[in-house]
Every structure is written in structure tokens, then in C-alpha cells.
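Here the structure comes first, spelled out in C-alpha cells, and everything after it is commentary.
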Amino acid sequence: MAIEVTRTYVGSIQNQRQVCDGLDSLGDSASKIWNVARWTADRIWNATGEIPSEGVLKAYMKTQSCWKDLNAQSSQKVIEELSDAFQSWFDLRQTDDEANPPGYRKHGDDRPKSTVTFKADGFKHDPENNRVRLSKGSNLKEGWSDFILCEYQTRPDVDLSEVTRVQNVRAVWNGNEWELHFVCKVERETNDSAGDSVAGIDLGITNIATVAFPDEYVLYPGNSLKQDKHYFTRAEYETEGENGPSEKSMWARRKLADRETHFYHVLTDTIITECVERDVGTLAVSWPEDVRNSDWGKTGNKKLHSWAFDRIYQYLAYKGEIRGVEVLKENEWNTSKTCSRCGDDTKSNRVERGLYVCSSCELVANADCNGAENMRQKITPSPHGEDRSNGCVSQPSTHLFDRESGTFKPREQVVS
Numbered sequence: 573m574a575i576e577v578t579r580t581y582v583g584s585i586q587n588q589r590q591v592c593d594g595l596d597s598l599g600d601s602a603s604k605i606w607n608v609a610r611w612t613a614d615r616i617w618n619a620t621g622e623i624p625s626e627g628v629l630k631a632y633m634k635t636q637s638c639w640k641d642l643n644a645q646s647s648q649k650v651i652e653e654l655s656d657a658f659q660s661w662f663d664l665r666q667t668d669d670e671a672n673p674p675g676y677r678k679h680g681d682d683r684p685k686s687t688v689t690f691k692a693d694g695f696k697h698d699p700e701n702n703r704v705r706l707s708k709g710s711n712l713k714e715g716w717s718d719f720i721l722c723e724y725q726t727r728p729d730v731d732l733s734e735v736t737r738v739q740n741v742r743a744v745w746n747g748n749e750w751e752l753h754f755v756c757k758v759e760r761e762t763n764d765s766a767g768d769s770v771a772g773i774d775l776g777i778t779n780i781a782t783v784a785f786p787d788e789y790v791l792y793p794g795n796s797l798k799q800d801k802h803y804f805t806r807a808e809y810e811t812e813g814e815n816g817p818s819e820k821s822m823w824a825r826r827k828l829a830d831r832e833t834h835f836y837h838v839l840t841d842t843i844i845t846e847c848v849e850r851d852v853g854t855l856a857v858s859w860p861e862d863v864r865n866s867d868w869g870k871t872g873n874k875k876l877h878s879w880a881f882d883r884i885y886q887y888l889a890y891k892g893e894i895r896g897v898e899v900l901k902e903n904e905w906n907t908s909k910t911c912s913r914c915g916d917d918t919k920s921n922r923v924e925r926g927l928y929v930c931s932s933c934e935l936v937a938n939a940d941c942n943g944a945e946n947m948r949q950k951i952t953p954s955p956h957g958e959d960r961s962n963g964c965v966s967q968p969s970t971h972l973f974d975r976e977s978g979t980f981k982p983r984e985q986v987v988s
């Protein structure tokens, strides 16, 4: 059975020298539209105590001359991104009073090169010749037929002539040059021959995912995420002025976000592949109900907001759908303190962060493995007393992200 999924493919621009000036102008215009809308929102906030809605901002910005620097849909996309940024700020303020609102895209007299999104009427794609025509706004056109024609190259395994359709194209400044991101709808065949076994996942902050497979427990720590965050949030990258983050700071934030996204894609690909290879047809994922609405203290709240459990679930769900693994969201209530062998739920059983010792049946387990096993048993309950191997639960396999290969490997095989 075929299903339609969304994929983003990156294309390197082959005629960079010929198109960079035009793309620079569009990127600068996107920053200008953002700044004018941000200034407007700030004035309305000061006067009314409320941030204007996306519709109100769009209506006002259409009266500003900079609106016509871009194709109308591209200008609208800038306002949608600003509105989303304000919404994220509002959500973050619920637990972090020091959260800063979206800043201006300006550094002194200079503006950074913002991403420009071209929707359906803003581009014309020629996949046979690896070319795409990008529209300019009327203010930047020298004539009615003026446009930017980019020649691009994707990875050898990507053929954009075979996708169902290209939804939009984004011109992205990567810090050194412009590149194109093609957001596409593609058809994928699902694997309807998944097995009958069940696995459970406990999501966490130190161990990003702990999986209880039918025959093994595997930890997937987030060491590389922590290293990336430490590197890209060093003082030299966290430079800000009164107009917001510097271009260097914005570059570092984009790089960190890209690395995080790559990590989560590789992680979820690995887990779903393991499920298929172990004949697992159902995967139960722990879901921390209302966790973001709880107050865990300043440090704890910051860690929770960097905890991407919702993104991990979404990635697992669509990857599982493609490969025939049903991914279920299950409430994790009491799974951390309940013994997966006998069902005892004495709170003191959770001895410390990584250790679980049952006061009733004397099970000694890695705490995350115990939680993952409880998630597995939500779908396929095991009779209390069934021995899932004390040693197996207490000494799971650990798979680390290997930077050299870009894959997860057993700890002893990781060289970077």
C-alpha cells in the first residue's frame, strides 16, 4: 500500500555567482519585512498589552512598500513565521519568565540574509533540467519577466522528477552560500508484513530513548546533543546587541538546530529499523501528559523545554507508518516507580536516577529499562513473576551516535 509523506531535499546551487546578488536582495527584503512587522507588533503590544494576530499584521503590512519586495505569498510566509515565533515565546513564558520575545533581524545598519519561501505561484520547477525559476516582488523587478533562474544539484539518490509534487521551495543562506530546500510530497510503499511482537520506549533527557525489545534492552543516550549544545552556545556565539542576535549567533543557532534535527532523524530511523528486523509490529511510546505545565524549577524547566519528546514521537509515527510498525502514544503515569516484574509501585524502589531496586521481588534494574518494559507491557501484559532476566534489565546495551559514520553503534564500536 502506498502513502503520501512530506520530504525535504537540499539542492546546491550550481550557478551561485550569477544568482547570489538577486538572492541577497530577496533575503534582505525578507529581513526588512520581518523587522517592520516586529516593530509594529511591539508598538501595539505597548499600547494594548496584546500582540496583534497574524491576520492583523498581514493586513497592515500590505500597506507598506516593502511588502512588494517579495512575491505576495513569500511576504505572507515571513509574517506567519513571526506569528509562530511569538506563539512559541508565549508558550515558553508559562514556565520561564526570562524568555525573550522574537528579536529584530538587524545588526547595526546590516540585515542578515533571511530564508525566503516560495509557494505555488512563486516558483516554476523544471526537474528534467535541474532548474527552478524564483519570483521577485514587483519592487525588485526590472521588467515583468524578471526572475531568478537557479541551476541546482541534489544528492545522487534524489530525483525530483519522481516526486508527487513540490509544495514549496526555500532559498536558505547556510552561512557561506545560498542553497535550495525543496519541500515535496512523495509516495512511499508501506511494509504490511510487520511482525506480532511489541516493544516499548521510555523517553528521557539523559537517555533520549530506552527501548525494551522482546529480546534486548537498548539505551540511546544524548551525549552528542549535549556536546553540540555546549559548542554552539559558547560565549563567542552568544553575541547580541540591542537589535537582536548577531549574524554569527544566528548561524550557530541554525547549525545547532540542524544537528539536533539530524540526530533525531537518525535515532528514530534506527529504532524503527530495529523494530522491523526484530519482527516488532507495535511500538508503545511513553507520553508525559501535561509535563510542560508542571513547575520543575528554573533549571528543570529549561531542560524540559529542550526535551523533544513530541518531535521524537512524530518522527517515529510517520517512519513507522511507512514501514508497517504501529506507533502508539501511551501515558507513562507510574511507569518509573512500578516494578516491571511484580507490579510493586513503592516510590522508594526508584533508588536513584539510573537504578531501580524492587523491595518486593528484589529485581535490580536500570531505571529507564524498567520504565520501557512497563511501556511494553501496556500493550502485551506479562504475568507478574515472568522472568525477563535480571541481568538483561540491569545491564542493557548502549548505542551511541557515531559522528564519523553518522549512525548509532554499540558503545565499543564508536570511535568519535
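As numbered in my numbering, residues 573 to 988 make up the sequence shown, in order. C-beta: ideal position from N, C-alpha, C; glycine also.
Here Asn779 is bridged, per DSSP, to Pro793.
With a 10 Å radius around the Cβ and a threshold of 16 neighbouring Cβ atoms, Asp774 comes out buried.
Residue pairing by DSSP places Phe754 opposite Tyr581, Val741 in a beta bridge.
When Cβ pairs closer than 8 Å are counted between the two stretches, the region 599 to 607 is seen to touch the region 685 to 694, the count reaching three or more. In this structure, the CA atom of Ile585 is about 19 Å from the CA atom of Asp718. Here Arg948 has Val770, Ala771, Gly772, Ala784, Ala856 as same chain residues with Cβ atoms under 7 Å from its own Cβ, once five neighbours each way along the sequence are excluded. In the three-state reduction of the DSSP assignment, Leu712 falls in the coil class, being assigned neither a helical nor a strand state. Taking 8 Å as the cut-off, the beta carbon of Val650 is found closer than this to the beta carbon of Ile605.
In the DSSP assignment, Phe881 falls within the alpha helix (DSSP H) that extends over 881 to 895. Its Cα nearest to that of Arg831, the residue Gly978 stands out among Asn672, Gly978, Ser625, Arg895. Closest option to Lys820, judged by alpha-carbon separation, among Gly747, Arg742, Lys801: Gly747. According to the DSSP secondary-structure assignment, Ala771 is paired through a beta bridge with Leu855. For the pair Thr833 and Leu797, the Cα-to-Cα distance works out to about 10 Å. Relative to the Cα of Trp750, the nearest Cα in the group Asp851, Gln590, Pro699, Ile780 belongs to Gln590. About 10 Å separates the beta carbons of Asn701 and Tyr724, which is beyond the 8 Å limit, so they are not a contact pair. For the pair Thr842 and Asp940, the CB atoms are not nearer than the 8 Å cut-off.
If you compare the alpha carbons of Asn672, Thr845, Pro968, Phe804 with that of Arg895, the shortest gap goes to Thr845. Counting the other Cβ atoms within 10 Å of the Cβ of Pro624 gives 16 or more, which makes it buried.
Setting aside the 5 residues that flank it on each side, Tyr887 is surrounded in the same chain by Tyr836, His837, Thr840, each with a C-beta closer than 7 Å to its C-beta; the list follows chain order.
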